[in-house]
Amino acid sequence: MSQPVMVAPRLQVPLSSGSRWAYLDNIRKNKGPFTDEESFDASGEGIGAMEKMRILVIGAGGLGCEILKNLALSGFRDIHVIDMDTIDVSNLNRQFLFRHTDVGKSKAEVAARFVEKRIKGVSITPHNCKIQDKDEDFYMQFNIVVCGLDSIEARRWINSTLVDLVDNENPETLKPLVDGGTEGFKGQSRVIFPTMTSCLECQLDMHAPRPAVPLCTLATIPRQPEHCIEWAHIMAWEQEKPFPKLDNDDPEHITWLYQKALARAQEFKIIGVTYALTQGVVKNIIPAIASTNAIIAASCCNEAFKIATSTNPSLGFEENYMMYSGNDSIYTYTFKHEKKSDCPVCGTTARNMELDPNQTLEDFIESLAARPEAQLKRPSIRSEQRTLYMQSPESLELKTRPNLAKKMGDLVENGEEIGVSDPSLGSVNFKFRLRFSRPFIPASERDY
Amino acid sequence: MTEVVTNPTPPILHGPSDKEKKYDRQLRLWAANGQQALEDAHILLLNSGSGTVGVETLKNLVLPGIGKFTIADDAVVAEADLGVNFFLDEESLGQSRSERCVNFLQELNPDVKGEHFPKQEGDNIEKLLGYGRQYTLIMYSLPIEPYTLALIQQYGQQYKVPLVSIHSAGFYSYFQIHLPGCFPIIDTHPDSTATTDLRLLNPWPALSEFTRNLTKDIDNLSAHEHGHIPYLVLLLYYLEKWKESHGGFPSTYGDKKAFREFVSEGARTDNPEGGEENYDEAVAAVLKTVSEPSLSSSVKDVFEYQPTAEESDSSFWIITDAIKKFYGKHGELPLPGSVPDMKAQSSVYVELQNIYKVKARQDVAEVLETVRQHPRGKEIDVNEVETFCKNAAFVKLIHSPDSSADTLKEITGMFDEQALLTMMPLSLLPIYLALNATSHVPSASTSEIIATISKTVPEACSDPRVVQAAEEVARANGGELHNISAMIGGMVSQEVIKIITKQYIPIDNTCILDGITSRTQVLRI
Ligand SMILES: [Zn+2]
Numbered sequence: 002m003s004q005p006v007m008v009a010p011r012l013q014v015p016l017s018s019g020s021r022w023a024y025l026d027n028i029r030k031n032k033g034p035f036t037d038e039e040s041f042d043a044s045g046e047g048i049g050a051m052e053k054m055r056i057l058v059i060g061a062g063g064l065g066c067e068i069l070k071n072l073a074l075s076g077f078r079d080i081h082v083i084d085m086d087t088i089d090v091s092n093l094n095r096q097f098l099f100r101h102t103d104v105g106k107s108k109a110e111v112a113a114r115f116v117e118k119r120i121k122g123v124s125i126t127p128h129n130c131k132i133q134d135k136d137e138d139f140y141m142q143f144n145i146v147v148c149g150l151d152s153i154e155a156r157r158w159i160n161s162t163l164v165d166l167v168d169n170e171n172p173e174t175l176k177p178l179v180d181g182g183t184e185g186f187k188g189q190s191r192v193i194f195p196t197m198t199s200c201l202e203c204q205l206d207m208h209a210p211r212p213a214v215p216l217c218t219l220a221t222i223p224r225q226p227e228h229c230i231e232w233a234h235i236m237a238w239e240q241e242k243p244f245p246k247l248d249n250d251d252p253e254h255i256t257w258l259y260q261k262a263l264a265r266a267q268e269f270k271i272i273g274v275t276y277a278l279t280q281g282v283v284k285n286i287i288p289a290i291a292s293t294n295a296i297i298a299a300s301c302c303n304e305a306f307k308i309a310t311s312t313n314p315s316l317g318f319e320e321n322y323m324m325y326s327g328n329d330s331i332y333t334y335t336f337k338h339e340k341k342s343d344c345p346v347c348g349t350t351a352r353n354m355e356l357d358p359n360q361t362l363e364d365f366i367e368s369l370a371a372r373p374e375a376q377l378k379r380p381s382i383r384s385e386q387r388t389l390y391m392q393s394p395e396s397l398e399l400k401t402r403p404n405l406a407k408k409m410g411d412l413v414e415n416g417e418e419i420g421v422s423d424p425s426l427g428s429v430n431f432k433f434r435l436r437f438s439r440p441f442i443p444a445s446e447r448d449y
Numbered sequence: 084m085t086e087v088v089t090n091p092t093p094p095i096l097h098g099p100s101d102k103e104k105k106y107d108r109q110l111r112l113w114a115a116n117g118q119q120a121l122e123d124a125h126i127l128l129l130n131s132g133s134g135t136v137g138v139e140t141l142k143n144l145v146l147p148g149i150g151k152f153t154i155a156d157d158a159v160v161a162e163a164d165l166g167v168n169f170f171l172d173e174e175s176l177g178q179s180r181s182e183r184c185v186n187f188l189q190e191l192n193p194d195v196k197g198e199h200f201p202k203q204e205g206d207n208i209e210k211l212l213g214y215g216r217q218y219t220l221i222m223y224s225l226p227i228e229p230y231t232l233a234l235i236q237q238y239g240q241q242y243k244v245p246l247v248s249i250h251s252a253g254f255y256s257y258f259q260i261h262l263p264g265c266f267p268i269i270d271t272h273p274d275s276t277a278t279t280d281l282r283l284l285n286p287w288p289a290l291s292e293f294t295r296n297l298t299k300d301i302d303n304l305s306a307h308e309h310g311h312i313p314y315l316v317l318l319l320y321y322l323e324k325w326k327e328s329h330g331g332f333p334s335t336y337g338d339k340k341a342f343r344e345f346v347s348e349g350a351r352t353d354n355p356e357g358g359e360e361n362y363d364e365a366v367a368a369v370l371k372t373v374s375e376p377s378l379s380s381s382v383k384d385v386f387e388y389q390p391t392a393e394e395s396d397s398s399f400w401i402i403t404d405a406i407k408k409f410y411g412k413h414g415e416l417p418l419p420g421s422v423p424d425m426k427a428q429s430s431v432y433v434e435l436q437n438i439y440k441v442k443a444r445q446d447v448a449e450v451l452e453t454v455r456q457h458p459r460g461k462e463i464d465v466n467e468v469e470t471f472c473k474n475a476a477f478v479k480l481i482h483s484p485d486s487s488a489d490t491l492k493e494i495t496g497m498f499d500e501q502a503l504l505t506m507m508p509l510s511l512l513p514i515y516l517a518l519n520a521t522s523h524v525p526s527a528s529t530s531e532i533i534a535t536i537s538k539t540v541p542e543a544c545s546d547p548r549v550v551q552a553a554e555e556v557a558r559a560n561g562g563e564l565h566n567i568s569a570m571i572g573g574m575v576s577q578e579v580i581k582i583i584t585k586q587y588i589p590i591d592n593t594c595i596l597d598g599i600t601s602r603t604q605v606l607r608i
């Protein structure tokens, strides 16, 4: 008995017009049971408006490649992409717009050219630079921003920039931000309406930095292979300076660190130092695979599509965050992250911060990097009365440097507000109201 | 946090190979043995309908380097394909969809082989499935002809090949995994925080002796020595003292809280820090580490499962049997042997690590001896026994249920009751019912969908949520949305990787995606 290979012509999908966007138009031209009829426009005008929208993709890496493909197949016609990176061979297992012959070229340019060539009628404009190189006018031209980055710092920068753009008198200034992130089999996607809903900074403590290993452990009592590698990375390198500047991507440099770490591990009888682990620790490598990027990027683009077309309700004003985990079965959790009134970026009130007044300004500054709600690496600090410390310009740094050794209790009052700025935040200032966690003992009363 | 897997034996003098460089980010998840399993795999996709979800799935399998894939699809590329499928272009119009997709997918990774089907006139499904056991796993997209489906199911049963069905229409999608027989997993990659097993309530002689040596003069130790006693040793020491005064170990929550207090009173506070870090660590670890050994439900499930005659000859069940005997004799599973990081002198910590490793090796030896007594036991690799012992507390068995209208009826009867009681989100079962009603037709109207549902679960048809789901499926008119297919394609490829590498835990057995509320749900159907 002979049968057709499979579903055969009888199961072909019925097409209204045989047009390119027939499947998309099933959705764009017909309302469903959950469609909000006030905002949904089923006419050609609604579709025309969507096609005129300008959408910005930040990052052309694992998520970015997927996002560009998805947006182009969602009916967006005017897409921009910004990324300063060049293509590395370790990108090829997931960044599917790149080939071996592209290694070393600009990610934004190669990705844009590829998708433009594959999908007729879409325009993709690449920007081979840092997001910080672009000004407010640049960001003002977009209707939606979709972000697929692996760095928290860049996310915080774009988040605070988009919050800053909002002018309540002009609805055009509100740019919905859709953000995705992955690690191994896990990831998250979220939608932010800047100033109206919980922003990335409100959610910062969901992504607490890993605690750093104390320096004295590295220096005197290493126990884990990672301790030996960090020792080679932080201490041995500084001491011996085998090359003028450490380049994480130079195999010769990694090999040097690996051998140093291996020797130290042998000295302490610690096993487990490998080249791959050395590279992982030094570059802070996050495992990444195509499938997780596909899930998260598609989720982000699905939200962008719903925002642009009103074909169905999007994440945003109610639930705004979807968490995905694929390690053990599949588990997603979709919930509403509440906006924080004391958010340093989108809130209006200063955030309370506990501190020990007996610690020095220098220790306090160091602690700002580790505190989940701050995560600031190069902060400059002003109190209500005066400038406590400035990272730059050099003249101000020199002038304020003596404060570093002073106790916090000598510099600020309990309950005083401080302003903190950091290059990672753009023009935004953090406001913290300081609360002393224990009594301050002035120098005159100490040590007696 | 993701557990990082590293290659055990890197070349010492030169860096990683080209392949290790290309696959670096994924080798950290499934290591060289997982990669090898992928490279040995051949995956068949039977494509249908608007044809995108299966191709998006394959993309995520070609990139990490599966050995081979075949796409069977007799469709000819039409204009509408170009609006949804990224692996086709203008020049593909009018040509074989399977051939064009294979060509574009293959470009992603020169290490992967791709085949299309049909190749010539007369190529049919019987021929495709007639080459014997050559596919590692088969995926098919819905809708599908019942005749074709029956042949696939027959093939899966005959050759014990896992099948994955995928249906994507508009904002809705689901996929279902059909595993042949039971599917055991040893390397489940539990969270590193869950794996600490220190045996504090039942230390073996070497560990007790080590503790005695470190603590015999605890009050007279120097500040440095006292502040560097590993917390594990502190807990053993104070547990012994507690037992002397209380006649037993702390077991209730109240006991443990009191014990925490008892430990923290031992810390020295006459120092500039006003405390000791190792004592802080000990106090923090009490609730998690001071507990009687117990078997998790998934291990019990493995122990209680009765393998068929055919299954019981596999190494998994032979080792399971040996471990069951070990557990029967000792009341404990073999020791995993790892020690978490803790404040300690390097040499003391390494010595402690060795005590755990030696005991773990002894346990492996005992299990191995039992394994060797089995008629087939000589053929079993010692590494497999070692891995099993290390992961014994986390092994997992998946045995898919047989799908039948009865169970569907049962699930339907109660799908929202629990949600309403627990304030959980509502079930996504209506989406499954609506999509499932279009398994064998290219598209259907709302009333047709409802009519089909009423044949299996009549009581569901009056549910307004089922009607809404049917309306939304009808709206899609059998067409895919690229985003939804890309998303479910990503999920399917994650599951396929888990099944092929036998690492991590796959779903059991149906995952439903609602692209409107951005939620998923896993159900056993
Ligand atoms: Zn905020």
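Keeping their order, the protein sequence lines are chains A and B. Residue numbers 2 to 449, in our numbering, belong to the letters of the first sequence in order. Residue numbers 84 to 608, in our numbering, belong to the letters of the second sequence in order. All residues carry an ideal CB built from backbone N, CA and C; glycine is no exception. As the structure is a computational prediction, the values presented were derived from the model and not from experiment.
Residue i - partner residues in DSSP beta bridges
i	result
B:His-125	B:Lys-151
A:Pro-127	A:Val-82
B:Asp-270	B:Gln-586
A:Ile-145	A:Ile-56
B:Leu-220	B:Ile-126
Cut-off 6 Å between Cβ atoms - residues of its own chain near residue i, not counting five sequence neighbours on either side
i	result
B:Pro-513	Arg-548, Val-549 and Ala-552
B:Ser-430	none
B:Gly-117	Thr-584 and Gln-586
B:Thr-89	Residue confidence for B:Thr-89 is low, a pLDDT of 46 falling below 50, so the modelled location carries little weight; the figure read from the coordinates is stated next. Closer than 6 Å at the Cβ level, and outside the excluded window around B:Thr-89, lies no residue.
B:Pro-245	Leu-220, Leu-262 and Ile-582
A:Asn-353	Arg-434 and Arg-436
A:Asp-248	His-254
Within 8 Å, strictly: CB atoms of residue i and residue j
i	j	result
A:Ala-266	A:Pro-226	yes
B:Ile-571	B:Ser-251	yes
A:Pro-34	A:Val-82	no
B:Ile-149	B:Met-222	no
B:Tyr-439	B:Leu-418	yes
B:Ser-175	B:Val-160	yes
A:Glu-52	A:Arg-21	no
A:Val-147	A:Ala-305	yes
A:Val-274	A:Ile-230	yes
Residue i Cβ short of 7 Å to ligand 1 heavy atom set
i	result
A:Glu-202	yes
A:Lys-378	no
B:Cys-472	no
A:Val-346	yes
A:Ser-199	yes
Cβ neighbours of residue i in the same chain (closer than 8 Å, five flanking residues each side left out)
i	result
A:Val-6	Because A:Val-6 sits at a pLDDT of 44, beneath the cut-off of 50, its placement in the model cannot be relied upon, and the point is left open.
A:Ala-513	Here chain A has residues from 2 to 449 only, and residue 513 of chain A is not among them.
B:Val-373	Leu-283, Leu-284, Leu-318, Leu-322, Phe-332, Pro-333, Lys-339 and Phe-342
B:Glu-394	Gly-264, Cys-265 and Trp-400
A:Ala-295	Glu-67
Cut-off 7 Å between Cβ atoms - residues of its own chain near residue i, not counting five sequence neighbours on either side
i	result
A:Pro-10	Residue confidence for A:Pro-10 is low, a pLDDT of 38 falling below 50, so the modelled location carries little weight; the figure read from the coordinates is stated next. Contacts found: none.
A:Ile-442	Asn-359
Practice item. Entirely within the stretch 333 to 403 of chain A and at least 4 residues each: give me those alpha helix (DSSP H) ranges in chain order. Key: The stretch 333 to 403 of chain A contains these whole alpha helix (DSSP H) runs: 362 to 371 and 395 to 401.
**Study point:** Completely contained beta strand (DSSP E) runs for the stretch 162 to 243 of chain A, where each covers 3 or more residues
**Key:** Taken in chain order, the unbroken stretches of beta strand (DSSP E) that lie wholly in the stretch 162 to 243 of chain A and span 3 residues or more are 178 to 184 and 187 to 193.
Practice item. With a floor of 4 residues, list each alpha helix (DSSP H) that falls wholly inside the stretch 124 to 207 of chain B, ordered by position along the chain. Key: The DSSP assignment places 136 to 145 and 180 to 189 as complete runs of the alpha helix (DSSP H) inside the stretch 124 to 207 of chain B, in order along the chain (cut-off: 4 residues).
**Study point:** Unbroken stretches of the alpha helix (DSSP H), 4 residues or longer, contained in the stretch 349 to 378 of chain B
**Key:** Runs found: 360 to 372.
Practice item. Starting from the N-terminal side, write out each stretch of the beta strand (DSSP E) that is 3 residues or longer and does not extend beyond the stretch 297 to 328 of chain A. Key: Listed in chain order, the complete beta strand (DSSP E) runs (minimum 3 residues) inside the stretch 297 to 328 of chain A are 322 to 326.
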